[in-house]
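J.: Residue numbers (the working numbering): 7 to 214.
Pasting a structure below so you can have a look.
Shown next as structure tokens:
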């Protein structure tokens, strides 16, 4: 599964919000230096692949207005996908809100794959005992740590930026791919075996 790189102001390359391709971007300031305060300047980025413009104001993309976040995988459960899509919608306006929605999506996903979704730390431990690869365990732990430390009363956590939200988007998709999509593909292959072959496999494996 290819990693999705969301548009970030000033970046040399990212996934284009128009064509979706990962491509180099050309940047241009619409105003001469000194004509307007830098923080209020209007910029454009141009995708070298599709040659389409995106417009930026105060270092945020304002056009196109649709989300530039990664798309959810096809096998993502619908209620998880709802939070994922909402996170995509608010990513440009509020990365912190997008990150919070993605943590909620992760909790729901845990329930869908057989965990309780109440204590992410315990859920991770259970998944590891069931054979979860170390690299995905690290990804889940990253989400847990970020989530536990993200918001305190009266304090804004600066890590909840576009970079953090992007990592969370990718992590949710990685978990869906491993826990749902890959098992679905394996079952599809197994179901194509002749009935006699499947019976022989059951006898070989013994009682479940």
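Note that beta-carbon positions come from the ideal geometry of N, C-alpha and C, so glycine has one too.
Run the CB neighbour count on residue 58, radius 10 Å, all protein chains shown included, and call it buried at 16 or more, exposed below.
T.: Position 52 of the chain shown, counting from 1, holds the residue named residue 58. By the neighbour-count rule (16 or more Cβ atoms within 10 Å), residue 58 is not buried but exposed.
J.: Cβ-heavy atom distance between residue 32 and the ligand NAD below 8 angstroms?
T.: Among the ligands in the structure shown, none appear at all, so the ligand NAD cannot be discussed.
J.: Taking 7 angstroms as the limit between beta carbons, can you name the residues of its chain near residue 18, skipping five residues before and five after?
T.: Residue 18 sits at position 12 when you count from the first residue of the chain shown. Taken in chain order, the residues that qualify are 30 and 31.
J.: In or out: residue 161 buried (at least 16 other Cβ within 10 Å) or exposed?
T.: Taking the first residue of the chain shown as 1, we reach residue 161 at position 155. Below a pLDDT of 50, predicted positions are generally treated as unreliable, and residue 161, at 42, falls in that range; the measurement from the model is reported next regardless. Under this definition residue 161 is an exposed residue.
J.: Is residue 112 closer than 9 angstroms to residue 181 when the C-beta atoms are compared?
T.: Within the chain shown, numbered from 1, the residue matching residue 181 stands at position 175. Within the chain shown, numbered from 1, the residue matching residue 112 stands at position 106. One thing to note: residue 181 has its Cβ within 9 angstroms of the Cβ of residue 112.
J.: If distances are taken between C-alpha atoms only, which option among 114, 132, 64 and 142 comes closest to residue 183?
T.: As a position in the chain shown, residue 183 is number 177, starting the count at 1. Ranking 114, 132, 64 and 142 by Cα distance to residue 183 puts 142 first.
J.: Kindly indicate which residue of 15, 168, 130 and 140 has the alpha-carbon position closest to the one of residue 283.
T.: This structure leaves residue 283 out entirely; the chain is present only between 7 and 214.
J.: Can you grab the Cα-Cα spacing for the pair residue 33 / residue 132, in whole Å?
T.: Start at 1 with the first residue of the chain shown, and residue 33 comes out as number 27. Start at 1 with the first residue of the chain shown, and residue 132 comes out as number 126. The straight-line gap from Cα to Cα measures roughly 47 angstroms.
J.: By how many angstroms is the C-alpha of residue 193 removed from the C-alpha of residue 201?
T.: Walking along the chain shown from the start, residue 201 turns up at place 195. Walking along the chain shown from the start, residue 193 turns up at place 187. When rounded, the separation of the alpha-carbon atoms in residue 201 and residue 193 is 14 angstroms.
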